[in-house]
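For the sequence shown, my numbering gives the first residue as 2, with consecutive numbering after it. Here's the structure we're looking at; comments come further down.
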Amino acid sequence: MTATPDVELSATGTIRSPATGSVAGTVRWTDPADVPRIAAGLREAQRAWEARGPEGRAKVLARYAVWLGEHRDEIEHLLIRETGKSAIDAAQEVPLIIMIASYYIKTMAKALAPEKRPAPMPFLSIKRIEVHYRPRPVVGIIAPWNYPVANALMDAIGALAAGCAVLLKPSERTPLTAELLLRGWQDCGAPEVLALAQGAREVSEAVIDNSDFVQFTGSSATGVKVMERAARRLIPVSLELGGKDPMIVLDDADIELAAHAAVWGAMFNAGQTCVSVERVYVLESVYEQFVDAVVRDVEKLRTGAGEGGDFGALIDENQLAVTERHVADAKAKGAKVLTGGRRRPGPGCFYEPTVLVDVDHSMLCMTEETFGPTLPIMKVGSVAEAIRLANDSPYGLSAAVFSRDVERAKSVAVQLDCGAVNINDVISNLMCTTAPMGGWKASGLGARFGGPDGIRKYCRQEVIVSPRTSIGAGSTYYSNSPKALKRMNKLLTRLALIGPRRAAK
Ligand code: NAD
């Protein structure tokens, strides 16, 4: 787990495009000392937001979703300027958020409705048991740079739906898109329950110190620091962290499909996706065929920001240096570069799409998160070896298995130590927001989405127990004689043991 180096903030707030070096815009950094005041304002506004109830909040979220749809072009142009993404990659983010908002708008009232719980024992049917979901007032969202719209809003929408106010700390590398997203929230007449804190580590720390829940997305090394800081105030965190996702290609796979998926999964957004395909294990008998198909696909790819590029720039020189280091390390240890393997000549932080073979687990490209457009492919002798190698990682975000026999692929999937497995596809679990998305091991703690859980995670559970009848009221208090209480406890034990006695037979 390597920590991303701290970025030095430009004193003027100038943000430059990694594709061209030209100015993408300027931002006013937040003074960390101002964060308590911003959080206090949110805390105040949150009360009325909660009081609107789910239906009232759903209306506001619906207006915001419409605003996002109507301003898609403007958002995507800014995304391209700020991150150097290709137009195809930039076009993925807004629809995902509208889809998530649309689902929450439809389901939030049900997700937040008090739940009736059954009596655990018949004698407790004198009680009405309810669980109420009450929002945590201020949710701090700390986001990375790779998807400035999605990383900001995919969690914020759930928190806002829950009735929380949101203090969003975008990455210091991509603060501009967040400014536009906030302007949209204000333009559609929404209350002041969404605010920004712009800056780097110190501002993040102030956000943690002034929130009631922290939703963090970023590297595993930073995730540890976030959790340590949150522990000082005993506030909960949800951590969506780095990955080194494996793909396994079995000998009965549709090889063309597997190759297309591997290339897209590895190169999409220049490989800067937490769930990108970072390493591939291919059964010996189909290895040559798979590698040939991958190389054919990769050779057709064009790098470039905006229109015309399949994928765009890396976010900065640091990210490019990590990719260069992993490829150099692999070459030094005996790997072969079949395509790419170098920075694209000319201006901008571009790296050529790169296929590596003859790789093994002594190499950084197979063990550390690269977050660049590389695809290392390893030949394996058996399914068991593929599973062992896939699990040989500190990470456990997601994985992919390719086989024409879906049941066989599933039997492999359930042996992989990670939060999600896509069969005959890559990354698609991200769209399936009724299921949780969360990593195992160093890839995270908790999960986002998961149907109603994607809203309830921002709430505290309040249990309200009320009487159904006055019969039995006060029967356990001191007004009873010790003898009567003893008799009652004996009876309760006998009743509670009926089930276990039956089950133990
Ligand atoms: P990062 O950890 O460097 O930064 C993430 C955020 O944390 C930024 O906003 C940054 O300002 C802030 N930060 C930095 N130091 C901090 C500290 N000490 N305390 C609190 N906050 C601090 O990550 P990054 O380079 O921006 O993003 C890339 C990483 O994010 C990759 O590892 C990628 O896999 C991961 N990621 C994970 C998911 C997921 O859903 N699992 C999604 C996207 C990205």
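All C-beta atoms, glycine included, are put in the ideal place defined by N, C-alpha and C. Quick caveat, the model's predicted, so the values are computed rather than measured.
With a cut-off of 8 Å, does the C-beta of T15 fall near any C-beta of chain D?
Absence of chain D from the displayed structure is noted, only one protein chain being present.
Is it true that the CB of A110 sits closer than 8 Å to the CB of V140?
Translated into positions along the sequence shown, residue 140 becomes position 139. Translated into positions along the sequence shown, residue 110 becomes position 109. Not a contact, by the Cβ cut-off of 8 Å.
Count the other C-beta atoms from every protein chain shown that fall within 10 angstroms of the C-beta of M248, then say buried if there are 16 or more, exposed otherwise.
In the sequence shown, residue 248 corresponds to position 247, counting from 1. Buried.
When the Cα of E318 is compared with those of Y352, A306, K245, R461, which residue comes out closest?
Numbered from 1 along the sequence shown, position 317 holds the residue referred to as residue 318. That would be Y352, whose Cα lies nearest to the Cα of E318.
By DSSP's criteria, G57 is part of a beta bridge. Which residues make up the other side?
Position 56 of the sequence shown, counted from the start, is the residue given in the question as residue 57. BP columns for G57 are empty, so no partner.
Scan the segment 431-499 and note each continuous beta strand (DSSP E) run of 3 residues or more that stays entirely inside, going in chain order.
460-468
For L240, I'd like the list of residues in its chain whose CB is within less than 6 Å of its CB, leaving aside the five on either flank, ordered along the chain.
By one-based count along the sequence shown, residue 240 stands at place 239. Its chain contains F217, G224, G445, L446 as the residues whose beta carbon lies nearer than 6 Å to that of L240, once the 5 sequence neighbours on both sides are disregarded; these appear in chain order.
Do you know how far the Cα of H327 is from the Cα of P136?
Against the sequence shown, residue 136 aligns to sequence position 135. Against the sequence shown, residue 327 aligns to sequence position 326. Each residue's alpha carbon lies about 44 Å from the other.
Measuring from the CB of I143, is there a heavy atom of ligand 1 at a distance below 7 Å?
Numbered from its first residue, the sequence shown carries residue 143 at position 142. At least one heavy atom of ligand 1 is nearer than 7 Å to the Cβ of I143, so yes.
Once you ignore the five residues that flank T371 on each side, which residues in its own chain have a CB closer than 7 Å to its CB?
Taking the first residue of the sequence shown as 1, we reach residue 371 at position 370. Excluding sequence positions up to five before and after T371, its CB lies within less than 7 Å of the CB of G272, E279, V323, T324, H327, all in the same chain and listed in chain order.
Tell me, please, whether the segment 9-27 touches the segment 73-85 by the rule of three or more beta-carbon pairs shorter than 8 Å.
yes
Sorry if obvious, but does the Cβ on E241 come closer than 7 Å to a heavy atom of ligand 1?
Taking the sequence shown and counting its residues from 1, one reaches residue 241 at position 240. Yes, Cβ of E241 sits closer than 7 Å to a heavy atom of ligand 1.
Any heavy atom of ligand 1 closer than 7 Å to the Cβ of F403?
The count along the sequence shown starts at 1 and reaches residue 403 at position 402. No, the Cβ of F403 stays beyond 7 Å of every heavy atom of ligand 1.
Between the segment 199-217 and the segment 230-246, do at least 3 Cβ pairs fall closer than 8 Å?
Judged by Cβ distances under 8 Å, the segment 199-217 makes contact with the segment 230-246, as three or more pairs qualify.
Have a look at P171, G310, E285 and flag the residue whose alpha-carbon is nearest the alpha-carbon of A201.
In the sequence shown, residue 201 corresponds to position 200, counting from 1. Among P171, G310, E285, the Cα nearest to that of A201 is on P171.
Tell me which residues share the same chain as P33 and place their Cβ nearer than 6 Å to its Cβ, disregarding the 5 neighbours each side in the sequence.
On the sequence shown, position 32 is the one that residue 33 refers to. Closer than 6 Å at Cβ, skipping near neighbours: E203, V204, A207.
Checking the sheet assignment: what are the DSSP bridge partners for H133?
Counting from one through the sequence shown, the residue named residue 133 turns up at place 132. In DSSP, H133 forms a bridge with E463.
Hey, how far is the Cα of P19 from the Cα of Q416?
Translated into the one-based positions of the sequence shown, residue 19 becomes position 18. Translated into the one-based positions of the sequence shown, residue 416 becomes position 415. Going from the Cα of P19 to the Cα of Q416 covers about 40 Å.
Helix, strand or coil: how does DSSP classify D246 here?
For the purposes of this step, residue 246 is identified with residue 245 of the sequence shown, where counting begins at 1. Three-state DSSP puts D246 in a strand.
Using the C-alpha atoms, what's the distance from I388 back to V299?
Residue mapping note: residue 299 aligns to position 298 of the sequence shown, counting from 1. Residue mapping note: residue 388 aligns to position 387 of the sequence shown, counting from 1. Looking at the two C-alpha atoms, the distance is approximately 26 Å.
Considering Cα atoms alone, identify which of T494, S126, E408 is closest to D253.
Here residue 253 is taken as the residue at index 252 of the sequence shown, counted from 1. It is E408.
May I have a chain-ordered list of the beta strand (DSSP E) segments no shorter than 3 residues that lie completely inside the segment 159-238?
Given a length threshold of 3 residues, each whole run of the beta strand (DSSP E) inside the segment 159-238 is given here in chain order: 166-170, 195-197, 214-218.
With C-beta atoms as the reference, is P374 less than 8 Å away from M268?
Within the sequence shown, numbered from 1, the residue matching residue 374 stands at position 373. Within the sequence shown, numbered from 1, the residue matching residue 268 stands at position 267. Going by C-beta atoms, P374 is nearer than 8 Å to M268.
Grouping DSSP H, G and I as helix and E and B as strand, with all else coil, what is I316?
Sequence index remark: in the sequence shown, residue 316 carries index 315 (1-based). Residue state, collapsed to three classes: coil.
In the structure shown, what three-state DSSP assignment does I424 receive?
Counting from 1 along the sequence shown, the entry for residue 424 is found at position 423. Strand, per DSSP.
Using only the heavy atoms of ligand 1, determine whether one of them is closer than 7 Å to the beta carbon of A201.
Here residue 201 refers to the residue found at position 200 when the sequence shown is read from its first residue. True, at least one ligand heavy atom lies under 7 Å from that Cβ.
Which runs of the beta strand (DSSP E) at least 3 residues long sit entirely within the segment 268-316? Give them in chain order.
278-284
Might you give, ordered along the chain, the residues of its own chain that have their beta carbon closer than 6 Å to the beta carbon of Y288, omitting 5 neighbours on each side?
In the sequence shown, counting from the first residue as 1, residue 288 sits at position 287. Here Y288 has K380 as same chain residues with Cβ atoms under 6 Å from its own Cβ, once five neighbours each way along the sequence are excluded.
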